[in-house]
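First up is the structure itself, then whatever we jot down about it.
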Amino acid sequence: MEKKVYNFGILSTASIALKLANAIEDCPEANLAAIASRSLEKAQKWIQDNNQKNVKAYGTYDELLQDKSIEIVYIPVPTAHKFEWAMKAVRNGKHIILDKPLPGSINTKELRELLDLCKLKHIHFMDCTMFIHSLRTNEIVEKIKQGEIGKVTKVIAGFSYFASENFNKSDIRIQQDLEPLGALGDVCWYSCMAALVAFDFETPLKIQALNWKFAENGSLVDILGILRFSDNKVAIVDGSFIESKRQNLEIVGEKGTFRIASFSTGDEELGVKGASRSRFLSSGQYIQTKDGVISNFSTEKSDQAKLLVENYINKIEKQDFSYRMADLSLLNQQILVHLFLSVKKNGETLDFDQNL
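One rule links them: number in the numbering used here = place in the sequence shown (from 1) + 553.
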């Protein structure tokens with residue numbers, strides 16, 4: 554029996570759109586059917602520049618959402634506009650993949666409303682965090698579950714890069730009206746998600762911002778925080794636009810440790826530039842220490858963006874409406890909200906509030 558092919562549409566010609574467009578093209582059960590921009594010329598130029606000649610161009614987002622042939626929509630618009638367009642997509646019956654960070658800086662009211670609507674209309678939701686779909690991440694998670702390093706007690710996760718002068722002047726990631734969380738939403742999102750992966754998505758008890766820095770315009774460009782869990786488990790997380798490039802993850806257990814370089818994009822030893830846009834097989838390497846022995850492991854390299862698309866389609870095929878992934882996305886966004894509020898309260902330790 555021939556497998557169904559799902560038609561995807563993308564709202565926005567932002568550079569990150571190409572990463573998922575490539576993944577869709579590489580997935581036999583997916584087809585990129587349309588892309589929309591705020592002008593028809595931009596959409597047509599994107600199609601021409603990226604040799605996507607079979608893709609329809611739309612000059613408004615609404616036109617794409619009204620296209621009945623589109624079944625799944627990827628939404629990488631600025632965070633200030635994500636709630637509006639995600640809600641419109643769901644009301645038009647589209648399954649959605651929403652780029653991170655998700656709606657909400659001082660609470661997750663809009664995100665909860667979006668997820669409630671998804672559940673009501675049986676619409677599938679996934680955020681576009683790719684590394685959790687990689688073969689390397691899955692192997693490490695399985696080893697943790699099997700007790701390979703004993704009980705996990707501590708996680709240290711950091712994601713940073715030194716932004717260019719032009720970035721600091723014009724990039725939307727430091728425009729508070731578009732991206733209110735700044736570096737917290739853009740890069741510390743991954744650090745927090747890595748901590749949750751290591752602790753099997755346990756909800757933290759207390760959250761505190763320890764150190765932070767602002768740009769001249771008041772945007773958050775550097776953040777260091779601590780998440781406290783049950784049984785004295787702890788995660789140190791950071792994200793920065795003003796430090797050297799690194800994506801380091803250390804998962805510490807009672808009997809051993811995992812150390813993962815480039816845990817999010819998986820590009821470090823590959824020398825890939827523009828990993829957020831390029832098509833490439835991400836790293837499978839990691840280091841495990843146990844009983845004083847240091848071992849290097851390497852899983853099969855994988856295209857984690859393609860795996861995300863495949864996993865999403867698989868959920869639709871299986872009619873898996875458990876919404877576990879959506880609830881985990883909500884939890885990660887709640888952690889960002891708590892860290893942001895802790896900054897606003899000058900580093901106050903906050904009890905985790907499920908209602909935020």
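All C-beta atoms in this analysis are idealised placements derived from N, C-alpha and C, irrespective of residue type, glycine included.
In this structure, DSSP gives I789 an extended state, which the three-state scheme calls strand.
Each residue's CA atom was taken as its position, placing V558 and S817 some 28 Å apart. Our two residues, I697 and G612, have alpha carbons roughly 48 Å apart in a direct line. When C-alpha distances from I600 are compared across I693, S568, K641, the shortest belongs to S568. Our two residues, S815 and L780, have alpha carbons roughly 21 Å apart in a direct line.
By alpha-carbon distance to Y876, the top candidate from V787, M683, E594, C671 is C671. For R644, no beta strand (DSSP E) run applies; the uninterrupted alpha helix (DSSP H) run containing it begins and ends at 632-644, by DSSP. Minimum Cα-Cα distance from L651 among the listed residues L668, K662, N660, V774 corresponds to L668. Checking the DSSP bridge columns, you'll see Q729 has no partner listed. Judged by DSSP in its simplified three-state form, S723 adopts helix.
Between the stretch 750-768 and the stretch 780-789, the count of Cβ pairs shorter than 8 Å is three or higher; the stretches touch.
Between the stretch 588-606 and the stretch 681-695, the count of Cβ pairs shorter than 8 Å is below three; the stretches do not touch. Sixteen is the threshold: when 16 or more other Cβ atoms of the shown chains lie within 10 Å of the Cβ of K647, as they do, the residue is buried.
For Q761, the enclosing beta strand (DSSP E) has its first and last residue at 759-767.
In the DSSP assignment, H648 falls within the beta strand (DSSP E) that extends over 648-651.
Residue environment for G738: buried (at least 16 other C-beta atoms within 10 angstroms of its C-beta). Under the three-pair Cβ rule at 8 Å, the stretch 656-666 does not count as touching the stretch 757-776. C580 places its beta carbon less than 8 Å from that of K859. CA-to-CA, the gap between K609 and I840 works out to about 45 Å.
Here H891 has I760, L903 as same chain residues with Cβ atoms under 6 Å from its own Cβ, once five neighbours each way along the sequence are excluded.
Sixteen is the threshold: since fewer than 16 other Cβ atoms of the shown chains lie within 10 Å of the Cβ of I659, the residue is exposed. Contact between H686 and Q857 holds, since their C-beta atoms are separated by about 5 Å, short of 8 Å. Counting only runs that start and end inside the stretch 656-717, the alpha helix (DSSP H) elements of at least 4 residues fall at 662-674, 688-698. DSSP, read as helix, strand or coil, puts R877 in helix. Counting along the chain, K871 sits inside the alpha helix (DSSP H) bounded by residues 857-871.
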